[in-house]
Amino acid sequence: MNEQLHSTTGQNSAVTVIGLGPMGRSMTRTLLTAGHPVTVWNRTAGRADGVVADGATLAATPREAVEASDLVILSLTDYQAMYDILDSATASLAGRTLVNLSSDTPDRTREAANWAAGHGASFLTGGVMVPAPMVGTEAAYVYYSGRDQAMENHRTALTALGKPRYLGDDPGLAQMMYQAQLAVFLSSLSALMHATAMLGTAGLKASEALPELLSFTDSIGDILRAGEEKPGTALDAGQHPGDLSTVTMMGATADHIVATSTALGLDLALPLAVQAHYRHAIENGHGSDHWTRIIDSIRAPH
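As structure tokens, this is what we get:
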């Protein structure tokens with residue numbers, strides 16, 4: 020038993036990585052640097068050339084890749100890709116841990132956990148919260164959820180990729196956190212491009228606009244934390260005190276952004292969506308509440 024435990028949790032435990040896009044290749048190199056023997060497989064075998072040159076072993080088939088390690092990490096487009104690839108290797112899954120770091124919906128991750136259990140495998144859902152070049156750095160962190168014992172058995176190898184943040188045994192929870200974080204990220208990217216396009220109509224180049232916009236973006240967290248020691252406490256209590264930023268005030272700003280964007284001939288999808296949140300809150304009689312009141316129409320859309 021101790022020998023088996025060492026093989027799965029030790030410094031040099033073997034790891035399989037399936038999927039060699041930029042993230043998969045970065046994880047492979049990080050694991051190799053940390054001293055783990057790594058076996059890889061990818062539909063397009065040529066993508067493995069670089070990591071094989073760095074010391075990884077290329078498996079000829081998904082089954083061979085699965086059988087090489089107790090820990091199998093998947094970095095794929097979506098969860099359907101996992102089924103497509105591992106369909107020929109299900110007989111080899113028993114006793115192994117699958118860690119799927121692919122993006123999909125929380126419900127699909129729960130279905131995948133049941134599928135893995137049906138083949139005798141443990142399953143962890145994961146969400147890597149940094150881009151590929153940052154994997155394995157001090158800034159890297161990864162959300163996980165699923166069987167806690169699976170997490171503990173492979174904590175050493177998984178920690179090499181980034182600081183693990185374990186959320187509990189619901190396999191859908193890490194995916195939910197991942198999607199929530201990306202909702203903020205993608206919305207912010209669209210906002211940055213909209214703002215850059217807006218300033219571009221006034222003659223400012225992106226190289227002039229983005230530094231100013233990013234400086235403000237960096238301060239948003241501090242602005243939100245300034246009004247509440249632990250952000251979200253009032254929301255949890257159903258409280259929206261309007262002593263600082265009210266729905267009406269923020270809604271007026273949203274109206275101005277729509278008007279300006281319309282005059283400039285810009286796409287209105289993003290500003291109209293933001294404007295709608297404030298208009299719904301005002302229509303429901305919450306204009307004097309704090310801007311967080313817009314969560315009502317997000318939770319229960321019209």
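The sequence shown begins at 20 in the working numbering and counts up one residue at a time. A virtual CB, placed ideally from N, CA and C, is assigned to each residue, including glycine. Here the structure is a predicted model, which means the values were calculated and not measured.
For the putative contact between leucine 39 and valine 70, defined by C-beta atoms under 8 Å, what is the C-beta separation to the nearest angstrom?
The residue you call residue 39 lines up with position 20 of the sequence shown. The residue you call residue 70 lines up with position 51 of the sequence shown. Going by Cβ atoms, the distance from leucine 39 to valine 70 rounds to 7 Å, so yes, they are a contact pair.
Report the residue ranges of all beta strand (DSSP E) runs contained in full by the stretch 160-218; include only those spanning at least 3 residues, in chain order.
160-165, 182-185
Tell me the rounded alpha-carbon separation between serine 206 and alanine 136.
Translated into the one-based positions of the sequence shown, residue 206 becomes position 187. Translated into the one-based positions of the sequence shown, residue 136 becomes position 117. Answer to the nearest angstrom: the Cα atoms are 36 Å apart.
Assuming contact is defined by CB atoms lying nearer than 8 Å, are valine 147 and glycine 181 in contact in what I supplied?
Residue mapping note: residue 147 aligns to position 128 of the sequence shown, counting from 1. Residue mapping note: residue 181 aligns to position 162 of the sequence shown, counting from 1. Their beta carbons are under 8 Å apart, which means valine 147 touches glycine 181 by this criterion.
Beta-carbon within less than 6 Å of proline 41's beta-carbon, same chain only, minus the 5 sequence neighbours each way: which residues are those?
The residue given as residue 41 occupies position 22 in the sequence shown. Once the five neighbours on either side are set aside, the close Cβ partners of proline 41 are Ala151.
Quick one, are the C-beta atoms of threonine 272 and serine 307 less than 8 Å apart?
Translated into positions along the sequence shown, residue 272 becomes position 253. Translated into positions along the sequence shown, residue 307 becomes position 288. No.
Indicate whether at least one CB of chain B lies closer than 8 Å to the CB of aspartate 167.
Although the question refers to chain B, the structure presented lacks it and comprises just one protein chain.
Going along the chain, which unbroken runs of the beta strand (DSSP E) with 3 or more residues stay wholly within the stretch 82-114?
90-93
DSSP bridge partner residues for histidine 309 (one or two, in chain order)
Working through the sequence shown from its first residue, we reach residue 309 at position 290. DSSP lists Thr265 as partners of histidine 309.
Where does serine 141 fall in DSSP's three states?
The residue labelled residue 141 in the question sits at position 122 within the sequence shown. Correct three-state label for serine 141: strand.
Just curious, the beta strand (DSSP E) that leucine 117 is in, first and last residue?
Here residue 117 refers to the residue found at position 98 when the sequence shown is read from its first residue. From DSSP, the beta strand (DSSP E) with leucine 117 extends over 116-119.
Can we count threonine 63 as close to the ligand PLP, meaning its CB is less than 7 Å from some heavy atom?
Only the bare structure without any ligand can be found here, which leaves the ligand PLP out of the picture.
Uninterrupted alpha helix (DSSP H) stretches inside the stretch 244-289 (no shorter than 4 residues):
252-255, 266-283
Could you tell me which residues DSSP pairs with valine 77 in its beta bridges?
Translated into positions along the sequence shown, residue 77 becomes position 58. Just to set this straight, residue 77 is leucine in the shown sequence, not valine. Bridge partners of leucine 77: Val59.
Between isoleucine 92 and valine 154, is the Cβ-Cβ spacing less than 8 Å?
Working through the sequence shown from its first residue, we reach residue 92 at position 73. Working through the sequence shown from its first residue, we reach residue 154 at position 135. No. Outside cutoff.
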